[in-house]
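Taken in order, these protein sequences are the chains called A and S.
For what it's worth, my numbering labels the leading residue of the first sequence as 195, then goes sequentially.
For what it's worth, my numbering labels the leading residue of the second sequence as 848, then goes sequentially.
We treat Cβ as the ideally placed atom computed from N, Cα and C, and that holds for glycine.
Since the structure is predicted, the reported quantities are computational estimates derived from the model, not experimental observations.
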Amino acid sequence: MTQVSEMTATALESQLIVGATLFVLGVIGFLTRRNLILIMLSAELMLHGVSINLTAFSRYHGNPQGQVFTIFVLTIAACEAGLGLSLILSLYQRRKSLDVLLWGKLGEDDLPVFTSPSNLPVQVPVDPNADYPHLSPSGRMPKTQPTTPTKT
Amino acid sequence: MEWTEENGLLLIPLGLGWLAVWLLMPSERKRPRILGGLAGLAAILIMQMMLLPPAGDLVRNALFFLFAAGSVISAALMITDRNPVYSALWFALVTLSVCGLFLLNSAPFLAAATIIVYAGAIIVTFLFVIMLAQQSGTIGNYDQQPLQPAMASLGAFILLGALLFTLQEWGHIGGPDASQHAMPGQFITVPVELQPNPLSQHPPDNPHEIGSLRVLGRSLFGDYLFAVELAGTVLLIATIGAIAIAPRRSQGTL
């Protein structure tokens, strides 16, 4: 106990407050934004808040465990960004839009649709492949008369 | 009543912060965004004054408040900007400020690694995806209409208030002797002791070189070797998964 860390409790508490604020701002972004990419960026913001806490405690206790853990957080953040962006790209390829409300309904066509309580207008983009024939979605009776292909 | 006298001061920056985030959020109606910015600055200043007056190294404190305020302001602007490209750039600023805080925490290697990984790789990838997906340059209407901004930020600020009150209560529990009870406005009084790493097989490190490459590498490849191997495997699997999931040219262009 002869070596005492030069970091005071004040410095630790300020860093904890900064970390908590970053985390809460990330939560707000995660909950409110409708852009899929911004949702993932807000998740990364929350990870930053956690990293600040980890390094502050590492300095406070004077051992490198917190910094080692931050390196693992960094690794997982890189994995998450790569996987998430490829998922977002394949979602974008289907709907041609990054709006998260377009994916509020994952059920079948005859199930009730989730509507957001605030009734935000959802802009469904024009499908460029609308002229091509479409298979009828599962769970519904196929049309008996050959009609003009409909948008799905 | 006693509770409000002790903790009521915290409610002012919390309320101002909620007002700032709500006013800065994009919406259809014109909101006074200048007022939102002023409220946010006031919240940060009040919060800074509620912390203890800077004792000790002046330069260190000044750098800390610079980086802390920079990261918080950039984060608030990131989640409230209409344009996703600007949001990604604000996130780069948040990353740089957080790396400054890492440097103050004597973690220079971690700061360099974070800058390389985040600013060099992750943000660039995000920008690529944003520009791929919004080639027309127009901002979708989904960026102008956030989902339940008032309620979401209210709930989040209640969470922040709970965290701050918990920190304050932690201070009131006090250290081993009565002289370490928290002063008003002071959050934590835990005794400052140097704890050796219980998992480590090496002698405890000199606290002045916690973040140095030698200590960090010995800890990573000595005490946490199994976790490092696992992390490498996770990275490999994530790479394979991302290549498998990403849409191909044969399936049509974006």
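Compare the Cα-Cα distances from residue i to each of the options and report the closest residue.
i	options	result
Ala1093(S)	Gly223(A), Leu241(A), Ser284(A) and Cys273(A)	Ser284(A)
Leu210(A)	Val221(A), Gly243(A) and Leu300(A)	Gly243(A)
Gly887(S)	Lys877(S), Arg876(S) and Met872(S)	Met872(S)
Tyr989(S)	Leu858(S), Ser874(S), Leu857(S) and Pro860(S)	Ser874(S)
Asn257(A)	Gln995(S), Ser1059(S), Gly917(S) and Ser921(S)	Ser1059(S)
Ile970(S)	Ala997(S), Met925(S), Ser1000(S) and Leu1001(S)	Met925(S)
Ile920(S)	Leu951(S), Leu1082(S) and Ala867(S)	Ala867(S)
Ala250(A)	Trp865(S), Ile893(S), Phe949(S) and Phe973(S)	Phe949(S)
Thr226(A)	Ala960(S), Gly1002(S) and Tyr1071(S)	Gly1002(S)
Gly862(S)	Ser918(S), Leu951(S), Ser1000(S) and Gly917(S)	Ser1000(S)
Report buried or exposed for residue i, applying the criterion of at least 16 other Cβ atoms within 10 angstroms of its Cβ.
i	result
Phe975(S)	exposed
Ala1009(S)	exposed
Trp869(S)	buried
Glu238(A)	buried
Phe1068(S)	exposed
Ala909(S)	exposed
Phe1073(S)	exposed
Glu1016(S)	exposed
Ile1087(S)	exposed
Asn930(S)	exposed
Arg907(S)	exposed
Thr1013(S)	exposed
Leu993(S)	Inspection of the sequence shows that residue 993(S) is occupied by Pro rather than by Leu. With 16 or more other Cβ atoms within 10 Å, it is buried.
Val262(A)	buried
Leu991(S)	Looking at the sequence shown, residue 991(S) is not Leu but Gln. Gln991(S) is exposed by the Cβ-count criterion.
Arg289(A)	exposed
Gln1098(S)	exposed
Between the C-alpha atoms of residue i and residue j, what's the straight-line distance to the nearest angstrom?
i	j	result
Asp1024(S)	Thr1080(S)	For Asp1024(S), the predicted model reports a pLDDT of 38, less than 50, meaning its position is unreliable and no value from the coordinates is stated.
Ile962(S)	Thr942(S)	7 Å
Lys877(S)	Phe912(S)	32 Å
Leu277(A)	Asp928(S)	25 Å
Gln981(S)	Met896(S)	43 Å
Tyr933(S)	Leu279(A)	18 Å
Gly947(S)	Pro327(A)	56 Å
Ser296(A)	Thr264(A)	Residue identity differs from the one stated: residue 296(A) is Leu in this sequence, not Ser. Straight-line Cα distance between these residues: approximately 35 Å.
Arg1096(S)	Leu281(A)	15 Å
Leu857(S)	Leu1011(S)	8 Å
Tyr965(S)	Ala939(S)	8 Å
Glu207(A)	Gly213(A)	10 Å
Val294(A)	Arg228(A)	5 Å
Leu216(A)	Met240(A)	6 Å
Ile1084(S)	Asp904(S)	46 Å
Met998(S)	Gly1064(S)	45 Å
Ala1091(S)	Gln287(A)	15 Å
Leu230(A)	Phe224(A)	9 Å
Val320(A)	Gly298(A)	18 Å
Ser1066(S)	Gln995(S)	45 Å
Leu248(A)	Ser953(S)	12 Å
Ser236(A)	Phe914(S)	19 Å
Ala959(S)	Gly967(S)	11 Å
Ile1005(S)	Gly855(S)	14 Å
Phe956(S)	Phe973(S)	24 Å
Val945(S)	Val221(A)	17 Å
Gly864(S)	Gly883(S)	9 Å
Glu1076(S)	Ile233(A)	30 Å
Ile891(S)	Val218(A)	14 Å
Ala935(S)	Leu292(A)	15 Å
Val267(A)	Leu300(A)	31 Å
Ala923(S)	Leu979(S)	25 Å
Quick one: grab the DSSP three-state call for residue i.
i	result
Asn247(A)	helix
Ala293(A)	Checking the sequence, you will find Asp at residue 293(A) rather than Ala. Of the three classes helix, strand and coil, the one that applies to Asp293(A) here is strand, per DSSP.
Asn257(A)	coil
Asn908(S)	helix
Asn952(S)	coil
Asn229(A)	strand
Val262(A)	helix
Gln895(S)	helix
Gly1079(S)	helix
Glu274(A)	helix
Gly862(S)	helix
Tyr965(S)	helix
Arg1065(S)	helix
Tyr1071(S)	coil
Ala922(S)	helix
Phe1004(S)	helix
Leu870(S)	helix
Pro931(S)	helix
Gly1088(S)	helix
Val320(A)	coil
Pro996(S)	helix
Arg1095(S)	coil
Gly1058(S)	coil
Leu285(A)	helix
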